[in-house]
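*Asks:* Structure in structure tokens, see below.
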Ligand code: T46
């Protein structure tokens, strides 16, 4: 499966925690874009696509959500709720996001700028793409 769990270096202090990710040091890819999902509606479903070339690190600093992954053959659902653990998605991998708690925030560090042509938004196209690789 084209994903890996990444531990986010965290400095613990009695007044709270500080987690840090340095591009190219704590992550095996340089990131050029940061975006985040927040204020998610109850029952929100996001994702429903794969990327051709984009690498991403997903982490959930607050709340929880389910991240379902599919590599064209097998699937797995990960519940993300630990702010110190990220999921590195390596292309191609299909992702669906649901079961978001009210306070869920998802931050994504992406290896490149936004490019709609990098998306595969149809699951049958994704399966064909995986088979052709
Ligand atoms: C992913 C999951 C986890 C932009 O204009 N710029 C951006 O950088 C992004 C990420 C999106 N958009 C536009 C494209 C759509 O018109 O924002 C709209 C919503 O995007 P999308 O439907 O792709 O949103 P999600 O939450 O389903 O997916 C996003 C990322 O697009 C995707 O790469 O892996 O979060």
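Residue numbers (the numbering used here): 152 to 284.
Glycine included, C-beta positions come from ideal geometry on N, C-alpha and C.
Bear in mind that the values here come from a model prediction, so they are computed numbers and not experimental data.
For the stretch 177-196 and the stretch 233-252, state whether three or more C-beta atom pairs, one from each stretch, are separated by less than 8 angstroms.
*Replies:* Yes, they touch.
*Asks:* Please determine whether the Cβ atom of residue 280 lies at a distance below 7 angstroms from any heavy atom of the ligand T46.
*Replies:* Stepping through the chain shown from its first residue, residue 280 is reached at position 129. Every heavy atom of the ligand T46 is 7 angstroms or more from the Cβ of residue 280, so no.
*Asks:* At the level of alpha carbons, what is the spacing between residue 297 and residue 279?
*Replies:* Past the edges of the chain, shown from 152 to 284, lies residue 297, and the structure says nothing about it.
*Asks:* Between the alpha carbons of residue 272 and residue 243, how many angstroms are there, rounded?
*Replies:* Position 121 of the chain shown, counted from the first residue, corresponds to residue 272. Position 92 of the chain shown, counted from the first residue, corresponds to residue 243. If I take the Cα positions, the gap works out to 12 angstroms.
*Asks:* Tell me whether the beta-carbon of residue 256 lies closer than 8 angstroms to the beta-carbon of residue 211.
*Replies:* Locating residue 256 in the chain shown gives position 105, counting from the first residue. Locating residue 211 in the chain shown gives position 60, counting from the first residue. Yes, the pair counts as a contact, with Cβ atoms nearer than the cut-off.
*Asks:* On the CB-based measure, 16 or more other CB atoms within 10 Å of its CB, does residue 246 come out buried or exposed?
*Replies:* Residue mapping note: residue 246 aligns to position 95 of the chain shown, counting from 1. It counts as buried.
*Asks:* Does the beta carbon of residue 154 fall short of 7 angstroms from some heavy atom of the ligand T46?
*Replies:* By 1-based counting over the chain shown, the position of residue 154 is 3. Residue 154 Cβ: outside cutoff for every heavy atom of the ligand T46.
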